[in-house]
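Here my numbering runs 229 ahead of the position in the sequence shown, where the first position is 1.
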Amino acid sequence: MGIPYKKQSVAIISVVVDAPADVTSSLSGKLGMLPGISVKTVYSKK
């Protein structure tokens, strides 16, 4: 469902994953291949 951003006619979904960088990158890549989906990935420092 996400948070609606009516000005741009989109919904924003935030996902937090506790996983190694390669797993997170793979998930981001797979999500980004879905039609109409844009993915931004941010990594935190330890």
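Glycine included, C-beta positions come from ideal geometry on N, C-alpha and C. Since the structure is predicted, the reported quantities are computational estimates derived from the model, not experimental observations.
Asp251 versus Gln237 - alpha carbon distance
31 Å
If you scan the region 240–274 from start to end, which runs of the alpha helix (DSSP H) of 4 or more residues do you find wholly inside it?
250–261
Can you give me the C-alpha to C-alpha distance between Met262 and Ile232, rounded to a whole angstrom?
21 Å
Residues of its chain near Lys269, where Cβ-Cβ distance is below 8 Å and the 5 sequence neighbours each way are ignored:
none
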